[in-house]
Every structure is written in C-alpha cells, then in structure tokens.
Amino acid sequence: MVLNRDAKIMERPDELAAYRSAKVHMFYLPGEATRDQLLHLVEFNLAEIITLSADRTPDVRKITGHGVERFVVRRRRR
Numbered sequence: 001m002v003l004n005r006d007a008k009i010m011e012r013p014d015e016l017a018a019y020r021s022a023k024v025h026m027f028y029l030p031g032e033a034t035r036d037q038l039l040h041l042v043e044f045n046l047a048e049i050i051t052l053s054a055d056r057t058p059d060v061r062k063i064t065g066h067g068v069e070r071f072v073v074r075r076r077r078r
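Numbering (full-length UniProt numbering), first residue to last: 1 to 78.
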C-alpha cells in the first residue's frame, strides 16, 4: 500500500507503470493539506483504507473528507 501526495505521478507513465506492475494499492492525499489535516484524513478513513488494501485487485484511490474515492485518471488534452 502506498500513501502519496503526488498526483502528478499520473502524468509520468513509467513511474505509474512501475506501481501498477508491483500491484500496490495507491491512495492519494490532498497535496495542499497541512500535517494536521493529513493526520485527520488518515485517521478518519483508516478502516476503509485497510479494507480496500486487503482486496486482491489493486486500484488507485484518493482520500477525501467524504471518504475514499476512486481516482479518475483524466487524459490530457492535446
């Protein structure tokens, strides 16, 4: 399981591919959040993070004040 604040990873295909090939669960935290806000988000959502991490199918999710949500990868416009 990876807790990460770097959403730009979704724009770096090689790095993202490495995480996916390692089959890890990735959870993104808000990059602008303070230490106290991050602590609150992880504590508030810890049970759901653990439950989702136990799933055999890794996925990319984001941690918000409303819970854990699937991270939707937006394609860049050309």
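Where is the CB? At the ideal position from N, CA and C, for every residue including glycine.
All figures in this text were calculated on a predicted structure; none of them were measured in a lab.
Could you give the residue range of the beta strand (DSSP E) that holds L3? V2 to N4
Is the segment 46 to 58 in contact with the segment 7 to 17, if contact means three or more CB pairs nearer than 8 Å? At 8 Å Cβ cutoff, the stretches do not touch.
Within the segment 29 to 77, note down every full beta strand (DSSP E) run reaching 3 residues or more, in order along the chain. 60 to 64 and 67 to 70
Just checking: is the beta-carbon of N45 within a distance shorter than 8 Å of some beta-carbon in chain D? No chain D appears in the structure shown, which is made up of a single protein chain.
How many Å lie between Y66 and K23 at the Cα? Residue identity differs from the one stated: residue 66 is His in this sequence, not Tyr. Roughly 26 Å separates the two Cα atoms.
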